[in-house]
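First comes the structure, then the notes that go with it.
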Amino acid sequence: MKKYLATALLSLASLTALPLASLSHADYSTHPEAADFIDLMVDKHEFAREDIVSWLSVAKHQESIVKAMSRPAEKVKPWYEYRKHFISDRRIKGGVKFWQEHQEILEQAERDFGVDQAIIVSIIGVETNYGSNTGSYKVVDALTTLAFDYYTYTNKRESRKRFFTAELENLFLLSREQNQNPVELTGSYAGAMGWGQFMPSSYRAYAVDFDDDQFADIWNNPIDAIGSVASYFSAHHWRQGETVAVRANISSDPAEDTLNKLHRPKLSLAELGTQGYNIIEQLPPETKALPMRFSAKYGNEYWLGMHNFYVISRYNPRTKYAMAVYQLSELIRQEKCAVTDACSQR
């Protein structure tokens, strides 16, 4: 998330020959770039200096984070390989089980936030396999490694350093707001947390205490995790009941510079029709869509993504990610319909 995890997974320049482990500080409170951060937390947010120093002093450089950040799956795998990582019989059946176990909460989230239950289930399935893999890194370790060490030695230094420094700032803020110990919170190698993998800034903006127990516990409480994912999608203007994406046939090769561009849909289906896109599904010709191409094992697939596809991509700005979430949601919906004879309508 930007505010989403995926923003952290942009392609990276090669590291210098000098190993990062040899450059990292054993005590981040004395890191050359930590002084300004400590002053910021004290002057801007009125933290006690000794608290910030204490938290940074126990943070540890994690070399495994450096390696993990260098190989984001979406960058190195074609669609048909990427898809297999997230869409399987086990994950589909796991989604049905999760949906059945939390039916009432999902229905409440749909009522309160106007977000499709299947999409909520799919996001949690793609992000953490329904809460089974939320990450074991200390978030403070991940964010200090990325803010103070890793990006210092890449061409992405300024923008990425600012991003992860801001997330470290938000980690300490959310810890104070939620009365949590920041050095105990766990997450992914990029600092994403809980069942829905919220970055600290996303947590502060969108996490909700959906069971009214005074803590938005996205780490251990599926109720809060469900409500928080729904809150995120609602804030990004999910349109309940609208089509997400449709397969398209092409009568002529599309222009390369028009494909897989994740901006708000601008071209209508009527306009796309003049460019060679044809769809079977009946939709209003004024519907706006994004043209996309995905690498199948034998050839290519062409799709048109509508407004809600773009909304999914706000969770992670990658076409393959958004398509995996959408396709998994539909397969879970179909399987639930088959095994329960209670079909959920989009």
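Per mature numbering (1 follows the signal peptide of the UniProt record, and there is no 0): the sequence shown = residues -26 to -1, 1 to 320. C-beta atoms are modelled at their ideal positions from N, C-alpha and C, and glycine is treated no differently.
Exercise. Confirm, please, whether the CB-CB distance from VAL157 to VAL218 is below 9 Å.
Key: No; because the gap between Cβ atoms is not below 9 Å, this pair is not in contact.
Exercise. Would you mind reading off the limits of the alpha helix (DSSP H) that contains ALA83?
Key: Counting along the chain, the alpha helix (DSSP H) containing ALA83 begins and ends at 77 to 87.
Quiz item: To which residues of the same chain is ASP231 closer than 7 Å at the C-beta, ignoring the five residues directly before and after it?
Solution: For ASP231, same chain residues with a beta-carbon under 7 Å away, outside a window of 5 residues either side, do not exist.
Quiz item: VAL220 to GLU255, Cα distance in whole Å?
Solution: Roughly 7 Å separates the two Cα atoms.
Quiz item: What are the boundary residues of the alpha helix (DSSP H) that includes SER205?
Solution: Per DSSP, SER205 belongs to the alpha helix (DSSP H) from 196 to 209.
Practice problem: Apply the 10 Å Cβ neighbour rule to TYR272 and answer buried if 16 or more other Cβ atoms are within range, or exposed otherwise. | Solution: Exposed: under 16 other Cβ atoms inside 10 Å.
Quiz item: Would you report the Cα separation of TYR300 and ILE306, rounded to the nearest angstrom?
Solution: Each residue's alpha carbon lies about 10 Å from the other.
Quiz prompt | Residue range of the unbroken alpha helix (DSSP H) whose run includes ASN282 | solution = Per DSSP, ASN282 belongs to the alpha helix (DSSP H) from 281 to 289.
Quiz item: Who does PHE172 pair with in a DSSP beta bridge?
Solution: Per DSSP, MET167.
Quiz item: Going by alpha carbons, who is nearest to PRO6 out of LYS58, GLU132, ASP123?
Solution: Looking at LYS58, GLU132, ASP123, the one whose alpha-carbon comes closest to that of PRO6 is ASP123.
Quiz item: In chain order, which alpha helix (DSSP H) runs of at least 4 residues are fully inside the region 228 to 258?
Solution: Runs found: 243 to 248.
Self-check item: Straight-line Cα distance separating PHE146 from ARG23
Solution: Rounded to whole angstroms, ARG23 to PHE146 spans 12 Å at the Cα level.
Quiz item: Residue range of the alpha helix (DSSP H) that VAL220 falls in?
Solution: Here VAL220 belongs to no alpha helix (DSSP H); instead the beta strand (DSSP E) covers 219 to 224.
Quiz item: How is the alpha helix (DSSP H) around LYS51 delimited, first residue to last?
Solution: That residue, LYS51, is in no alpha helix (DSSP H); it is neither H nor E in DSSP.
Quiz item: Any chance the region 60 to 77 sits against the region 182 to 191, with 3 or more Cβ pairs inside 8 Å?
Solution: Result no; under three Cβ-Cβ pairs closer than 8 Å.
Quiz item: Would you report the Cα separation of THR1 and ILE94, rounded to the nearest angstrom?
Solution: Looking at the sequence shown, residue 1 is not Thr but Asp. Note on geometry: alpha-carbon atoms of ASP1 and ILE94 lie some 40 Å from one another.
Quiz item: How would you call PRO239, buried or exposed, if buried means at least 16 neighbouring beta carbons within 10 angstroms?
Solution: Counting other Cβ atoms within 10 Å of its Cβ, PRO239 reaches 16 or more and is therefore classed as buried.
Exercise. Please go through the same chain and pick out, in chain order, the residues whose beta-carbon is closer than 7 Å to the beta-carbon of ILE200, but skip the five residues on each side of it.
Key: Residues of the same chain with a CB within less than 7 Å of the CB of ILE200, apart from the 5 flanking positions on each side, are HIS76, ILE79, LEU80, ALA83, ILE94, PHE184 in chain order.
Quiz item: Roughly how far, in whole angstroms, is the beta-carbon of THR118 from the beta-carbon of GLN171, given that I think they are within contact range, below 8 Å?
Solution: So it is not a contact: roughly 19 Å between Cβ atoms.
Exercise. Out of GLY215, PRO174, LYS310, THR248, state which residue places its alpha-carbon closest to the alpha-carbon of MET280.
Key: Ranking the options by Cα distance to MET280, first place goes to GLY215.
Exercise. Enumerate in chain order the residues of its own chain whose CB-to-CB distance from VAL100 is below 7 Å, with the five nearest sequence positions on each side excluded.
Key: Apart from the 5 residues on each side of it in sequence, VAL100 sits with its Cβ closer than 7 Å to the Cβ of PHE60, ALA298, VAL299, LEU302 in its chain, given in chain order.
Practice problem: Take ARG213 and list the residues in its own chain whose beta-carbon comes closer than 7 Å to its own, dropping the five residues that flank it on each side. | Solution: The residues are HIS281, ASN282.
Quiz item: Can you tell me the Cα-Cα spacing of TYR276 and PRO258, whole angstroms?
Solution: Going from the Cα of TYR276 to the Cα of PRO258 covers about 19 Å.
Quiz item: Taking the alpha-carbon positions, what's the GLN249 to VAL285 distance?
Solution: Distance from the CA atom of GLN249 to the CA atom of VAL285, rounded to whole angstroms, is 24 Å.
Self-check item: Residues near GLY269 in its chain [Cβ-Cβ closer than 7 Å; skip 5 each side]
Solution: The question names Gly, yet the displayed sequence has Ser at residue 269. The beta carbon of SER269 is closer than 7 Å to those of PRO52, TRP53, TYR54 in its chain, skipping five residues each way along the sequence.
Exercise. Work out the CA separation of HIS210 and PHE21 for me, nearest whole Å.
Key: If I take the Cα positions, the gap works out to 32 Å.
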